[in-house]
Amino acid sequence: MTGETFIFILPLLFLSESPTKTVSSIFNPYFSTFSIVVCDPMTELWGVAVQSKFPFVGNGVAWAKAGVGAVATQAYANLAFGPDGLSLLEKGLSAQQVLDSLLAKDTLKEERQVGIVDKLGGTANFTGKGCFKWAGGEAGKNYTCQGNILTGPEVVEAMARAFEGSQGKPLAERLIMALDAAQKVGGDRRGKQSAHLLVVKKNGGYGGYGDRWIDIRVDDHPEPIDELKRLYYNVHQLYFGETDAKKLVKIDKTVCIEIQAVLKKLGYYKGEVNGVYDEATKKSLSNWQGWENLEMRWRADDFIDDVVLDYMRKTYGKKN
């Protein structure tokens, strides 16, 4: 308008360690984090776990596809490395070949950090010279660890040792243990904010669709790894954990009476509490499990998942 002056001020994010950073890098994702990318050939699982003093770290760092491999892209993250890397892995390239191909086309590669595991457990990682220190990585059999803006090399070393020392445990637990170990020796030197756990397996998604078996994101929390543990052990394992065949409970007369009594109290079962596991009781139990979001643990035979029975007892038992 005539006679008026408007002044526009462009806010800038000051990164003290790197005053030469370009404006483009300031306004693009800078996932300063530590991560571990792994493959378990025996169980045919691939996974990524990350923690960062950056919100919503799960939005860009971790990428994985069952039967193909996994990628972590961080620091001044080129998010195209995720889908592009998986596409190259799917064509049969090794982790190192994929890494070389991605970096060859990237004019800002010295600001990138990447970790890759292929379908056979081959690994590769890269830390550009422009990443904030401390930055680096360590790779071993079926895994690669990497991080930037860390308290020191002990962070990736702790991740690696924790993963190596946890063989025999479920892959998701090994990834959580690796993050926990890294945090205990310092982690991201700016602090903690978000975390992500991703594990893929063939037909591992809900109802057997897709491969995203475990995809837990803690977007903003003062203790993101502790919250990740809670969500995995207390929530995910309840609703989506794999049934342990050794702990199945036979629905005999005693157990059936217990189940019928609860279902009758809740209005799912209308028949007599007689301990006979007939079709009416089975249908009532199935309906109740679906209502409680426990349908992934449903069994059509004469057994009940011990986790489901324990949940029923604790939530709706006699004392309730």
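Reminder that position 98 of the sequence shown reads as 378 in the working numbering, one-by-one numbering, no gaps. We put the CB at the ideal spot given by N, CA and C, even for glycine.
Three-state secondary structure (DSSP) of residue i
i	result
A329	strand
H516	helix
R577	helix
D582	coil
L400	coil
V337	helix
E507	helix
L369	helix
G416	strand
G349	strand
Own chain partners of residue i with C-beta closer than 6 Å, once the 5 adjacent residues on each side are dropped
i	result
G484	D491 and W493
L574	V588
I584	V529 and I531
E390	G408, K409 and G410
A350	V317, W326, V328, A344 and V397
R593	none
P502	none
D586	K527 and V529
G551	A560
S298	With a pLDDT of 37 at S298, under the threshold of 50, the modelled position of this residue cannot be trusted; read the value that follows with caution. No residues qualify anywhere along the chain.
R510	none
Residue i: first and last residue of the uninterrupted alpha helix (DSSP H) it sits in
i	result
Y489	Here Y489 belongs to no alpha helix (DSSP H), and DSSP marks it neither H nor E.
L455	L451 to K464
G570	E559 to W571
I539	K533 to L546
S381	A375 to A384
V435	E434 to E444
F406	No alpha helix (DSSP H) contains F406, which is instead part of the beta strand (DSSP E) from T403 to T407.
E390	Element bounds for E390: n/a, residue is neither H nor E.
CB contact flag (residue i, residue j, <8 Å)
i	j	result
L369	F406	no
L359	G340	yes
V436	E453	no
Y605	L388	Since the first and last residues shown for the chain are 281 and 600, residue 605 lies out of range.
T534	R577	no
L478	D495	yes
A346	V480	yes
G395	T424	yes
G427	S566	no
E434	G466	yes
K399	V348	yes
M439	A404	no
I429	R470	yes
E324	K482	yes
D320	L451	yes
Cβ-based neighbour list, residue i, same chain, cut-off 7 Å, excluding 5 preceding and 5 following
i	result
S332	F311, S312, T313, D468, Q473 and S474
D386	N358 and R392
Q540	Y549, V553 and T561
Y557	I531, C536 and D582
E507	V498 and H501
F361	V351, T353, L382 and V394
L366	W343, K345, V348, G349 and V351
Extent of the continuous beta strand (DSSP E) run through residue i
i	result
Y591	Here Y591 belongs to no beta strand (DSSP E); instead the alpha helix (DSSP H) covers D586 to Y596.
G551	Run containing G551: none; DSSP gives neither H nor E here.
K345	A342 to K345
Q473	Careful: Q473 lies outside any beta strand (DSSP E) and carries neither H nor E.
Within-8 Å CB hit, residue i to chain D
i	result
V515	Here there is only one protein chain, and chain D is not present.
According to DSSP, residues forming a beta bridge with residue i
i	result
I316	A329 and C425
K530	F583
L430	D468
H501	Its beta-bridge partners do not exist; DSSP assigns none.
Q354	Q393
Proximal residues to residue i (C-beta, below 8 Å), its chain only, five neighbours per side dropped
i	result
G402	S374, A375 and Q376
K449	M457
W336	Going by the sequence as given, residue 336 is Phe instead of Trp. Contacts found: S474, R497, D499 and D500.
D590	none
K464	A438
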